[in-house]
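These notes are about the structure you will find just below.
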Amino acid sequence: MSSAVWRPEDDPDVRSSLEEGEVYRPDILEVIEAKIDEMSQDLRALSLDIHKHPELLYEEVHAHKTYTDFMRRQGWDVRDVDGLPTAWIATFQHGTGGRILGVNSEMDALPGIGHACGHNLIGISGVAVACAARAAMEQLDISGKVVLLGTPGMPSSLLPRCRQLAYYGEEGGFGKVKMLDRGLYDGMDACLMVHPAPGPRHSISLSSSLALVRYRVEYTGHTAHAALSPWEGVNALDAAVLAYNNVAVLRQQLKPTHRVHGVFTGKDWYPNIIPDNAVMNWIVRAKTTAEARDTARRVRACFEAAATATGCTVTIEDVQGGHELRQNVALGEELRDVVRKRYGVIDYEWGIHSASTDFGHVTYAMPAIHPGFSIPTEPDGGNHTRGFASAAATEVAHDATMVVSKALAAVGVRVLTDDAFAKKVKETYEEDKRTRGA
Numbered sequence: 001m002s003s004a005v006w007r008p009e010d011d012p013d014v015r016s017s018l019e020e021g022e023v024y025r026p027d028i029l030e031v032i033e034a035k036i037d038e039m040s041q042d043l044r045a046l047s048l049d050i051h052k053h054p055e056l057l058y059e060e061v062h063a064h065k066t067y068t069d070f071m072r073r074q075g076w077d078v079r080d081v082d083g084l085p086t087a088w089i090a091t092f093q094h095g096t097g098g099r100i101l102g103v104n105s106e107m108d109a110l111p112g113i114g115h116a117c118g119h120n121l122i123g124i125s126g127v128a129v130a131c132a133a134r135a136a137m138e139q140l141d142i143s144g145k146v147v148l149l150g151t152p153g154m155p156s157s158l159l160p161r162c163r164q165l166a167y168y169g170e171e172g173g174f175g176k177v178k179m180l181d182r183g184l185y186d187g188m189d190a191c192l193m194v195h196p197a198p199g200p201r202h203s204i205s206l207s208s209s210l211a212l213v214r215y216r217v218e219y220t221g222h223t224a225h226a227a228l229s230p231w232e233g234v235n236a237l238d239a240a241v242l243a244y245n246n247v248a249v250l251r252q253q254l255k256p257t258h259r260v261h262g263v264f265t266g267k268d269w270y271p272n273i274i275p276d277n278a279v280m281n282w283i284v285r286a287k288t289t290a291e292a293r294d295t296a297r298r299v300r301a302c303f304e305a306a307a308t309a310t311g312c313t314v315t316i317e318d319v320q321g322g323h324e325l326r327q328n329v330a331l332g333e334e335l336r337d338v339v340r341k342r343y344g345v346i347d348y349e350w351g352i353h354s355a356s357t358d359f360g361h362v363t364y365a366m367p368a369i370h371p372g373f374s375i376p377t378e379p380d381g382g383n384h385t386r387g388f389a390s391a392a393a394t395e396v397a398h399d400a401t402m403v404v405s406k407a408l409a410a411v412g413v414r415v416l417t418d419d420a421f422a423k424k425v426k427e428t429y430e431e432d433k434r435t436r437g438a
């Protein structure tokens, strides 16, 4: 892994590998670059503030106030979202009519390890893209609307259940899905977001991610004295252990691109009492939603077999699942063009290709793009490690965030200015919709 992950001391010069030719509307990109360069230090301070105050499970109170105060100072119309107390929306309109560009900023951290997925960088990238698009619209008189969404998750009334199920942030709370359901993405002609990950230096990735299905499994048995009369008991812990082993055996027959992982717990477990309860939380992932659902049916059979073998009753809850990323072809081609001519490398292997994100639902609902971008990490310091949390606070990671934000803003503004391109974006989305198989 270490040979494919870049370090700050790696040679930073990529000019010799850039493609020749001009990007679409160089005047637009010049405004974008100037605006992001102008804001860079303020964005760096914003990122570090969020990084120092990690919040999870949709309790991003500090992040909500920090981002909304920042956007109001930039002159944006900012409002909260009913039922999602830490969500927020910042909008800017120029001229009359025009298309609508959506941008996402995430805010949540991970339990115990802070911003170990780099959402502080995602948050400031969304701000950078939105503000750069606004600058181009104002300076070059481009009509349209920009909508920046601060995306958390479930309302506070569901927090105890979230903690119990250990479903966190983009992979668990499905805040974007809830905002989709509330119509907050309605009318967008394209939606943009980024995510950091380890990878080759100067690399911006257009990989997909994995779809997922989630299960909450509860076994109910009967207590008994474990020494005096164990035959009177029905052991729910045995059912959970057996289910876990059933899945372990199943993995041998799964495709290497599929992932199945879970944990189990219980209440009032003691060695001298036959446990009458056990709760399991499982995630099944695959390249597409159709594949994930197919494998999930086989995993579900593992749970049911364990109940039959132990005599327990089982309740299987199919919790909110997630779609894979469907990178819009036209948006992706434009991003590749900008990156290869101005900034570095496009790849299709890195990013968050083996993880999952609720932005997958956004890509199913509208034309959207979600590039990954590489930041320097220590060996074995990828996403969801303390090493990645440290990396997300470095200056070189900030610089990489500014680069991908410039490229993404250029793609977004082309949606607003180029009728033929906007038509192609919609057409490629409709074609993907016909062929996605789910």
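For the sequence shown, full-length UniProt numbering assigns the number 1 to the initial residue and increments by one for each residue that follows.
C-beta: ideal position from N, C-alpha, C; glycine also.
Small disclaimer: the values here were computed from a predicted structure and weren't measured.
If you count every other CB in all the chains shown that lies within 10 Å of the CB of residue i, and 16 or more means buried, which is it?
{"i": "Ile273", "result": "exposed"}
{"i": "Lys178", "result": "buried"}
{"i": "Ala166", "result": "Caution is warranted here: a pLDDT of 40 is assigned to Ala166, below 50, making its placement in the model unreliable, and the coordinate value is therefore given only provisionally. Classification for Ala166: exposed."}
{"i": "Val99", "result": "Residue identity check: residue 99 is Arg in the sequence provided, not Val. The residue is buried, with at least 16 neighbouring Cβ atoms inside 10 Å."}
{"i": "Asn120", "result": "buried"}
{"i": "Ser17", "result": "exposed"}
{"i": "Glu334", "result": "buried"}
{"i": "Tyr219", "result": "buried"}
{"i": "Arg79", "result": "exposed"}
{"i": "Asp276", "result": "buried"}
{"i": "Ser3", "result": "Residue confidence is low: Ser3 scores 44 on pLDDT, short of 50, so the model does not pin down where it sits. No coordinate-derived value is stated."}
Hey, how far is the Cα of residue i from the Cα of residue j?
{"i": "Thr313", "j": "Met280", "result": "14 Å"}
{"i": "His222", "j": "Val241", "result": "16 Å"}
{"i": "Leu46", "j": "Arg216", "result": "37 Å"}
{"i": "Pro376", "j": "Glu291", "result": "33 Å"}
{"i": "Phe359", "j": "Ala227", "result": "52 Å"}
{"i": "Lys65", "j": "Ala301", "result": "46 Å"}
{"i": "Asp337", "j": "Thr428", "result": "17 Å"}
{"i": "Val425", "j": "Pro367", "result": "7 Å"}
{"i": "Ser405", "j": "Lys35", "result": "11 Å"}
{"i": "Pro379", "j": "Ala391", "result": "11 Å"}
{"i": "Ile346", "j": "Ile352", "result": "14 Å"}
{"i": "Leu43", "j": "His398", "result": "9 Å"}
{"i": "Trp269", "j": "Arg259", "result": "29 Å"}
{"i": "Gly412", "j": "Phe70", "result": "22 Å"}
Beta strand (DSSP E) containing residue i: first to last residue?
{"i": "Gly372", "result": "372-374"}
{"i": "Leu101", "result": "99-106"}
{"i": "Ala278", "result": "277-286"}
{"i": "Arg216", "result": "211-220"}
{"i": "Arg79", "result": "77-81"}
{"i": "Gln74", "result": "Segment: none, Gln74 is in no beta strand (DSSP E) and carries neither H nor E."}
{"i": "Thr151", "result": "144-151"}
{"i": "Asp347", "result": "345-347"}
{"i": "Leu184", "result": "Looking at the DSSP string, Leu184 is not in any beta strand (DSSP E), and its letter there is neither H nor E."}
Quick check: residue i and residue j, are their CB atoms within less than 7 Å of each other?
{"i": "Ala133", "j": "Val146", "result": "yes"}
{"i": "Ala239", "j": "Thr310", "result": "yes"}
{"i": "Arg326", "j": "Thr288", "result": "no"}
{"i": "Met188", "j": "Asn104", "result": "no"}
{"i": "Val31", "j": "Ala109", "result": "no"}
{"i": "Leu210", "j": "Glu324", "result": "yes"}
{"i": "residue 449", "j": "Gly382", "result": "The structure shown has nothing for residue 449, since the chain only spans 1 to 438."}
{"i": "Ser125", "j": "Thr401", "result": "yes"}
Taking 7 Å as the limit between beta carbons, can you name the residues of its chain near residue i, skipping five residues before and five after?
{"i": "residue 487", "result": "Since the first residue of the chain shown is 1 and the last is 438, residue 487 is not available in this structure."}
{"i": "Ala296", "result": "Val213, Val284"}
{"i": "Arg298", "result": "Leu250"}
{"i": "His94", "result": "Met137, Glu138, Ile142, Ser143, Gly144"}
Tell me which residues share the same chain as residue i and place their Cβ nearer than 6 Å to its Cβ, disregarding the 5 neighbours each side in the sequence.
{"i": "Trp282", "result": "Tyr215, Gly262"}
{"i": "Thr308", "result": "none"}
{"i": "Phe174", "result": "Gln320, Asp358"}
{"i": "Phe421", "result": "Arg414"}
{"i": "Lys423", "result": "none"}
In terms of residue numbering, what span does the alpha helix (DSSP H) encompassing residue i cover?
{"i": "Lys255", "result": "From DSSP, Lys255 is part of no alpha helix (DSSP H); its letter is neither H nor E."}
{"i": "Ile113", "result": "Unbroken run through Ile113: none, as it is neither H nor E."}
{"i": "Leu325", "result": "Leu325 -> no alpha helix (DSSP H), and no H or E assigned at all."}
{"i": "Val194", "result": "No alpha helix (DSSP H) holds Val194; DSSP gives it neither H nor E."}
{"i": "Thr295", "result": "289-310"}
{"i": "His398", "result": "395-417"}
Just to check, is the beta-carbon of residue i closer than 6 Å to a non-hydrogen atom of the ligand ZN?
{"i": "Leu110", "result": "This structure lacks the ligand ZN; in fact it carries no ligand of any kind."}
Please return the same chain residues whose Cβ sits closer than 8 Å to the Cβ of residue i, not counting the five positions on each side in sequence.
{"i": "His384", "result": "Leu110, Ile113, Ala116, Cys117"}
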